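Asks: One structure follows; several queries about it will come next.
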Amino acid sequence: MADTASLTISDEGFTVISEPENVKADIVLVHGLQGNPYTTWAYTKAAEAPRIKRRKIRPEIRLFSRFGGKTTPKQDATTHEASTSATIQDTANVFWPKDCLAEEEWCRSTRILTYGYDTVVTQGYAAANKSNLFAHARNLLYGLERTKPSGRPVIFVVHSLGGIVLKETLRRSEESKDDSIKDIVRSTKGIIFLGTPHRGSPDLASLADAVRRVASVIARIDSNSPILRSLSNDSPELELGRESFIELWRTYKFRVKTFQEAYGLTGINIGPANEKVVPDISSSLDDPNERAEVIRANHTNMAKFQGAHDDGYKKVSGEIKKVLELCLQELLKSLYFQEIYDRQRDIRRAMSQTAEWLFATPNYKKWIDRTDIARYHGLLWIKGKPGAGKSTLMKAAFLRTQSVSEASGISTAAFFFNARGMDPLVKTPTGLYRSLLHQLLQQDPNALSRLSKEFESKTKFQKDLKTGEIQEDIKWHQEELQDYLQNVLKTPTSKPTILFIDAMDECDDKEVHDLVDYFGRLTKEASRLGANLNVCLSSRHYPQISIDWCPEIIVEHHNRQDILHFIQAEAENYSPVQSLKDDIANRSGGVFLWVVLVVSILKRSGRGRPLAWLKTKLHEIPRELAILFRQLFSNVDKEELGRMINLMRLILFARYPLRLDELCAALSFSLHAYPSIAAWNNSAEYLDTRNVQHEMVIELSKGLLEAKLEGWELIPSKYQFIHETVREFFLSGEGFKLLKLDTGSVVGSGHETIALACARYLYTEELIRHNSKLPISDGKTLSTSDFLDRFHNYAWDFLLSHIELAIKLGDYGESVLRYLNAQDTIFLPDRLGYYANSLNDNLMYTAAEMGSNCIVMKLHRMGFDINSRCDAPYNYPLLTAVYKSKLDLVRWLLANGADVASCNSNGATALHIATHQGLVKEILQYGPNINARDNLGLEAGWPLNTTNTEGQTVLHILASQGAEGTRHQITMRIISYNYLVKAGADISIRDNEGCTAGEIIKQYGYAVDSEGRWEFEDSKSSRASSYYSNMTVYDSDSEGR
3 MADTASLTIS
13 DEGFTVISEP
23 ENVKADIVLV
33 HGLQGNPYTT
43 WAYTKAAEAP
53 RIKRRKIRPE
63 IRLFSRFGGK
73 TTPKQDATTH
83 EASTSATIQD
93 TANVFWPKDC
103 LAEEEWCRST
113 RILTYGYDTV
123 VTQGYAAANK
133 SNLFAHARNL
143 LYGLERTKPS
153 GRPVIFVVHS
163 LGGIVLKETL
173 RRSEESKDDS
183 IKDIVRSTKG
193 IIFLGTPHRG
203 SPDLASLADA
213 VRRVASVIAR
223 IDSNSPILRS
233 LSNDSPELEL
243 GRESFIELWR
253 TYKFRVKTFQ
263 EAYGLTGINI
273 GPANEKVVPD
283 ISSSLDDPNE
293 RAEVIRANHT
303 NMAKFQGAHD
313 DGYKKVSGEI
323 KKVLELCLQE
333 LLKSLYFQEI
343 YDRQRDIRRA
353 MSQTAEWLFA
363 TPNYKKWIDR
373 TDIARYHGLL
383 WIKGKPGAGK
393 STLMKAAFLR
403 TQSVSEASGI
413 STAAFFFNAR
423 GMDPLVKTPT
433 GLYRSLLHQL
443 LQQDPNALSR
453 LSKEFESKTK
463 FQKDLKTGEI
473 QEDIKWHQEE
483 LQDYLQNVLK
493 TPTSKPTILF
503 IDAMDECDDK
513 EVHDLVDYFG
523 RLTKEASRLG
533 ANLNVCLSSR
543 HYPQISIDWC
553 PEIIVEHHNR
563 QDILHFIQAE
573 AENYSPVQSL
583 KDDIANRSGG
593 VFLWVVLVVS
603 ILKRSGRGRP
613 LAWLKTKLHE
623 IPRELAILFR
633 QLFSNVDKEE
643 LGRMINLMRL
653 ILFARYPLRL
663 DELCAALSFS
673 LHAYPSIAAW
683 NNSAEYLDTR
693 NVQHEMVIEL
703 SKGLLEAKLE
713 GWELIPSKYQ
723 FIHETVREFF
733 LSGEGFKLLK
743 LDTGSVVGSG
753 HETIALACAR
763 YLYTEELIRH
773 NSKLPISDGK
783 TLSTSDFLDR
793 FHNYAWDFLL
803 SHIELAIKLG
813 DYGESVLRYL
823 NAQDTIFLPD
833 RLGYYANSLN
843 DNLMYTAAEM
853 GSNCIVMKLH
863 RMGFDINSRC
873 DAPYNYPLLT
883 AVYKSKLDLV
893 RWLLANGADV
903 ASCNSNGATA
913 LHIATHQGLV
923 KEILQYGPNI
933 NARDNLGLEA
943 GWPLNTTNTE
953 GQTVLHILAS
963 QGAEGTRHQI
973 TMRIISYNYL
983 VKAGADISIR
993 DNEGCTAGEI
1003 IKQYGYAVDS
1013 EGRWEFEDSK
1023 SSRASSYYSN
1033 MTVYDSDSEG
1043 R
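Under our numbering, read the sequence shown as residues 3 to 1043, first letter to last.
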């Protein structure tokens, strides 16, 4: 048993129980109602109960304390814990997270934490914490963000109410646009529920309510009613949490285990108290994939274990071990990418009573039952017109299959191509293969173990020897991923697997042909080898591709009843449209999207009109989607053209889907440059309520944008095109031409518009002062939240990105660059959104300092002086580029007329700076004055073996910088060092402290070879130097590569 004498556990917030070196995962324990981060998890021997200072409780409350389960029966007979922290002093007690779990060999790379929060329902005469479920979840979320490093896997063990708090925490994490917040749900790898009342606990809540009412009347005791309400059957928080959690579970594929209590509480002879506190029906998630199990204890004691031999501990720790075996695998991390599950989540679920026809078709039944397998080898192809509802069907089929697959030992995976996605991987076969592998390997530990060995060989030259972490992003090649996938799917020992691949036509034609060929060969080979593999593809009818032996299902031949059901539901309160449902279905040609638009048009324009008018209007609406789109935009008011164009640009090219408030701010500032936020608030363009903002977006888009409701919100937060065909309509330029916009590059001009909106917003009076740390001028009552919560964060994070994309994708961006140059103070936020390093009046210098090559080049084309001087540390674009080790930019500046003789206020030339930054070779090619001296009297062309007053040569100077800076800067420093050694620098010279340059290098953990050259690897490494064999050291006879 571990010595726990020195461990102090705080009642609130996080306490680190165990933190070994090289932590690769976190385990977080969250207690429940009347719980405590120590007593919930501690088994206390009654005869040896630790002495903790307590205060007495009124007799009226003893019953409630016993019922809450915070202490053992002996402890709570006369006292109640009142301390804000507990120091564990009695090692006879078993605090299993430290005494057992932390001692497991397989847990030696895992940090263990407890989390505490106040859920005490009654606290004598002291006021109880009124925080409700949402407040506790918010605190846990932000606490996790501060405590857990980004990307580190986390496993949660939660008791009772702690499970409800965690589910709300994960829901909030998933809905956040902040990557550091969203990282919580993305990093969640496993959850172990111990007696969590997912659907309410009537016995506990009713008894607690009764005791609370008695206490309130007789003893005037405050109670935490919001917490109690969250445990009642009619609680909206519980149902919202349960529904959203199931979706998160399926989306993020974390492991879930439910443990239920075996016994009721004892010692309280009041009706329900002798029954289970949380009945089995309540502690169940009611999902087919749930694997519920019993711990032989009551609700309170099910989280307390006597030791490693305890059966309950074996069950819980065994589940933790299984999750760790999965989450500690670096292979899975390398396969993951940011939008891997976004499209699947965004597709709307099929309406009730729709999509059922698919599962009854003969081809689907043969496919899923694997009858006649020798004929079609487990391949099925769903085809349909654009907008026919293929993606909705594929999601319905995937969810239906997934719901029964785990219990049957079948692996399932799905990928939904998304041409509207921001991440290129969601549009390419490489993203498809990475996603499928990421999903399948989490369900197949044997395959994961097998492929992890291959992955180890692939990455062995990229690991940091001290941390064991991979230092660079893994580069995956398509053929490599195909080989991995075949390794998982087509061996005789492969798990039965069902794959769904949607919207293949959103790749280019060649990629579609290659995908069809690959999966055709894969299913044939798997069938031949005895592997059980089913693959369902979906696409439009074009490109014209088919496989002779592959059965097909044509959506528009079967979906008439679904269309009729949709019309009936959408026009529920408008009977004239309902009466036209057969006519609408007949004209639709099976295209669901056409039906959606037409029903919307008829409802909007037909109010108060007779049925005959509606029927005429219906027959005037074009039956082809493209023509319908044109009709919608054919008569746009001229005053609305600019707003409509920019709205579509914001939806198409924003770096992530903007919230409603961000979207309205961006739209306003894309059209006008307001001097201040206050001026915008007082303008006609400003919309003050979310209802009005929402109506504006829908009306302006002519119904081609759809809202995405998030959580419990009644007004939507984000918007997207209702279908990929609408996006294609505008991205091709056809939609913008109808809006009288004919531009050379739809994409480039779109990014320029958004960049200009960002710049205008950032240059309002309030934000200039905020970003410059200056107070807002007198007379302004605007609060910081009025502008920082709208468009500020987006503008700050992505201004630079939008300018660069405008330049790269069509040579646009001039308008925003001239706008920035006209400002009194120029700042460009850097790529990570931190405050800019430059606050000066020279845009060329600022762009060079931020390392934006394309902006520097664009400014040069616009006529800006490449040698213009400004009042900044390095004064010139060339000097700051050299200091930042921007090799490509330095080369371009020198090749385009940058003055190599220019010097900063300290007299340092580019060659002076290059000596320290590893760019000597580049500067020497342009003939600098090697005799030029800086203000300290040092020559730029410092003779190789000349020493300064500290006895240092140039080699000493480079070596003494060791591992400072970025990986690129270190690499350039090593290259310069080796170049100087090759040129004849004396490696034996010792400085005033008696060290050679090589000895200094070794102090930083690097190695020096037999010829005195600085090696590109850790001195303790036995890895071959071939990893850097593609880098050639600069020498006098080579240009270097």
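Glycine residues also receive a C-beta, built at the ideal position from the N, C-alpha and C atoms. What you are looking at is a predicted structure, and each value in this text was computed from that prediction instead of being measured.
Name the one or two DSSP bridge partners that Gly-118 has.
Replies: On the sequence shown, residue 118 is found 116 positions in, with the first residue counted as 1. DSSP lists Gly-15 as partners of Gly-118.
Asks: Comparing C-alpha positions only, which one of Leu-31, Asp-564, Ser-454 sits nearest to Glu-332?
Replies: The count along the sequence shown starts at 1 and reaches residue 332 at position 330. The candidate whose alpha carbon is nearest that of Glu-332 is Ser-454.
Asks: Is the CB-CB distance between Leu-143 and Tyr-117 below 8 Å?
Replies: Translated into positions along the sequence shown, residue 143 becomes position 141. Translated into positions along the sequence shown, residue 117 becomes position 115. Remark: C-beta atoms of Leu-143 and Tyr-117 do not approach each other more closely than 8 Å.
Asks: Decide if Thr-951 is buried, meaning its Cβ has at least 16 other Cβ atoms within 10 Å, or exposed.
Replies: As a first step, residue 951 is located in the sequence shown; it is residue number 949 there, counting from the start. With fewer than 16 other Cβ atoms within 10 Å, it is exposed.
Asks: Determine, using beta carbons only, whether Leu-616 and Ile-623 come nearer to each other than 8 Å.
Replies: In the sequence shown, the residue the question calls residue 616 occupies position 614. In the sequence shown, the residue the question calls residue 623 occupies position 621. In this structure, Ile-623 does not lie closer than 8 Å to Leu-616 by Cβ.
Asks: What would DSSP say about Arg-661, mapped onto helix, strand or coil?
Replies: Numbered from its first residue, the sequence shown carries residue 661 at position 659. Here Arg-661 sits in strand by DSSP.
Asks: Can Val-593 and Gly-389 be called in contact, C-beta distance under 8 Å?
Replies: The sequence position of residue 593 within the sequence shown is 591, counting from 1. The sequence position of residue 389 within the sequence shown is 387, counting from 1. Result yes, Cβ atoms of Val-593 and Gly-389 sit closer than 8 Å.
Asks: Let me make sure I understand the geometry here. Which of Glu-851, Ile-809, Ile-989, Glu-816 has the alpha-carbon closest to that of Ala-874?
Replies: Here residue 874 corresponds to residue number 872 of the sequence shown, with the count starting at 1. Residue Glu-851 is the option with its Cα nearest to Ala-874.
Asks: Between the beta-carbon of Leu-740 and the beta-carbon of Phe-635, is there less than 8 Å?
Replies: Reading the sequence shown from its first residue, position 738 is the one you call residue 740. Reading the sequence shown from its first residue, position 633 is the one you call residue 635. Their beta carbons are under 8 Å apart, which means Leu-740 touches Phe-635 by this criterion.
Asks: Rounding to the nearest angstrom, what Cα-Cα distance links Arg-606 and Ala-680 in this structure?
Replies: Translated into the one-based positions of the sequence shown, residue 606 becomes position 604. Translated into the one-based positions of the sequence shown, residue 680 becomes position 678. Each residue's alpha carbon lies about 35 Å from the other.
Asks: Can you tell me the Cα-Cα spacing of Phe-158 and Asn-684, whole angstroms?
Replies: Numbered from 1 along the sequence shown, position 156 holds the residue referred to as residue 158. Numbered from 1 along the sequence shown, position 682 holds the residue referred to as residue 684. The straight-line gap from Cα to Cα measures roughly 49 Å.
Asks: Output the distance between the C-alpha atoms of Gln-346 and Phe-247, rounded to the nearest integer angstrom.
Replies: Within the sequence shown, numbered from 1, the residue matching residue 346 stands at position 344. Within the sequence shown, numbered from 1, the residue matching residue 247 stands at position 245. Those two C-alpha atoms are separated by around 16 Å.
Asks: With contact counted as at least three CB pairs below 8 Å, one residue from each stretch, are the segment 743-762 and the segment 804-811 in contact?
Replies: yes
Asks: Starting from the Cα of Val-32, find the closest Cα among Asn-795, Ser-336, Glu-14 and give me that residue.
Replies: As a working mapping, residue 32 is identified with position 30 in the sequence shown. Closest option to Val-32, Cα to Cα, is Glu-14.
Asks: Would you call the CB atoms of Ala-399 and Leu-360 closer than 8 Å?
Replies: Position 397 of the sequence shown, counted from the first residue, corresponds to residue 399. Position 358 of the sequence shown, counted from the first residue, corresponds to residue 360. Closer than 8 Å, so yes.
Asks: Under the assumption that Phe-417 contacts Leu-434 (Cβ atoms under 8 Å), give the Cβ distance between them as a whole number of angstroms.
Replies: If you number the sequence shown from 1, residue 417 lands on position 415. If you number the sequence shown from 1, residue 434 lands on position 432. So it is a contact: roughly 5 Å between Cβ atoms.
Asks: Around the C-beta of Ile-29, are 16 or more other C-beta atoms found within 10 angstroms, so that it is buried, or is it exposed?
Replies: By 1-based counting over the sequence shown, the position of residue 29 is 27. The residue is buried, with at least 16 neighbouring Cβ atoms inside 10 Å.
Asks: Can you check which of these residues, Leu-501, Ile-989, Pro-553, Ala-985, is closest to Thr-949 by C-alpha distance?
Replies: Along the sequence shown, one-based indexing puts residue 949 at 947. Of the candidates Leu-501, Ile-989, Pro-553, Ala-985, the one whose C-alpha sits nearest the C-alpha of Thr-949 is Ile-989.
Asks: Helix, strand or coil, according to DSSP, for Gln-954 in the structure here?
Replies: Translated into positions along the sequence shown, residue 954 becomes position 952. The answer is coil: DSSP assigns Gln-954 none of H, G, I, E or B.
Asks: Around the Cβ of Lys-169, are there at least 16 other Cβ atoms within 10 angstroms (buried) or fewer (exposed)?
Replies: For the purposes of this step, residue 169 is taken as the residue at position 167 of the sequence shown. By the 10 Å Cβ count, Lys-169 comes out buried.
Asks: Using DSSP with H/G/I as helix, E/B as strand and the rest coil, what is Asp-1020?
Replies: Residue mapping note: residue 1020 aligns to position 1018 of the sequence shown, counting from 1. Confidence is the limiting factor: at Asp-1020 the pLDDT is only 41, short of 50, which leaves the residue's position unreliable and the question unanswerable from this model.
Asks: For Asp-485, verify whether its CB is less than 7 Å away from any heavy atom of the ligand MG.
Replies: Summarising the ligand content, the structure contains no ligands, and the ligand MG is consequently not present.
Asks: Can you check which of these residues, Phe-307, Lys-317, Ala-761, is closest to Tyr-676 by C-alpha distance?
Replies: For this step, residue 676 is matched to residue 674 along the sequence shown. Closest option to Tyr-676, Cα to Cα, is Ala-761.
Asks: Output the distance between the C-alpha atoms of Lys-886 and Asn-877, rounded to the nearest integer angstrom.
Replies: Numbered from 1 along the sequence shown, position 884 holds the residue referred to as residue 886. Numbered from 1 along the sequence shown, position 875 holds the residue referred to as residue 877. Each residue's alpha carbon lies about 13 Å from the other.
Asks: Mark Glu-642 as exposed unless 16 or more other C-beta atoms lie within 10 angstroms of its C-beta, in which case mark it buried.
Replies: Looking up residue 642 in the sequence shown gives position 640. Counting the other CB atoms within 10 Å of its CB gives Glu-642 a total below 16, which places it among the exposed residues.
Asks: Kindly indicate the opening and closing residues of the alpha helix (DSSP H) around Ile-653.
Replies: If you number the sequence shown from 1, residue 653 lands on position 651. From DSSP, the alpha helix (DSSP H) with Ile-653 extends over 640-655.
Asks: Once the 5 residues before and after Ile-370 are set aside, which same chain residues still bring their CB inside 6 Å of it?
Replies: Taking the sequence shown and counting its residues from 1, the one referred to as residue 370 is at position 368. Closer than 6 Å at the Cβ level, and outside the excluded window around Ile-370, lies no residue.
Asks: Out of His-301, Val-318, Asp-288, Leu-287, state which residue places its alpha-carbon closest to the alpha-carbon of Val-279.
Replies: Counting from one through the sequence shown, the residue named residue 279 turns up at place 277. Put simply, of His-301, Val-318, Asp-288, Leu-287 the residue whose alpha carbon is nearest the alpha carbon of Val-279 is His-301.
Asks: Can you give the Cα-Cα distance for Lys-184 and Pro-659, rounded to whole angstroms?
Replies: Here residue 184 corresponds to residue number 182 of the sequence shown, with the count starting at 1. Here residue 659 corresponds to residue number 657 of the sequence shown, with the count starting at 1. The straight-line gap from Cα to Cα measures roughly 15 Å.
Asks: Do Lys-619 and Leu-604 come within 8 Å of each other at the CB atom, strictly closer than that value?
Replies: The count along the sequence shown starts at 1 and reaches residue 604 at position 602. The count along the sequence shown starts at 1 and reaches residue 619 at position 617. Yes, the pair counts as a contact, with Cβ atoms nearer than the cut-off.
Asks: Let me make sure I understand the geometry here. Which of Asp-516, Ile-925, Ser-162, Ser-20 has the alpha-carbon closest to that of Gly-37?
Replies: Along the sequence shown, one-based indexing puts residue 37 at 35. Among Asp-516, Ile-925, Ser-162, Ser-20, the Cα nearest to that of Gly-37 is on Ser-162.
Asks: Please report how far the alpha carbon of Asn-906 lies from the alpha carbon of Gln-963, in whole angstroms.
Replies: Within the sequence shown, the letter at position 904 stands for residue 906. Within the sequence shown, the letter at position 961 stands for residue 963. Approximately 22 Å, taken between the alpha carbons.
Asks: Give the straight-line distance between the Cα atoms of His-725 and Ala-264, rounded to the nearest whole angstrom.
Replies: Taking the first residue of the sequence shown as 1, we reach residue 725 at position 723. Taking the first residue of the sequence shown as 1, we reach residue 264 at position 262. If I take the Cα positions, the gap works out to 50 Å.
Asks: I need the boundaries of the beta strand (DSSP E) containing Thr-499, first residue and last residue.
Replies: Numbered from 1 along the sequence shown, position 497 holds the residue referred to as residue 499. Taken as a continuous stretch (DSSP letters only), the beta strand (DSSP E) holding Thr-499 covers 499-504.
Asks: Indicate the three-state DSSP secondary structure (helix, strand or coil) for Trp-43 in the structure shown.
Replies: Position 41 of the sequence shown holds residue 43. In the structure shown, Trp-43 sits in a helix (DSSP, three-state: H, G or I).
Asks: Let me know the secondary structure DSSP gives Phe-361 once reduced to three states.
Replies: Stepping through the sequence shown from its first residue, residue 361 is reached at position 359. Residue state, collapsed to three classes: helix.
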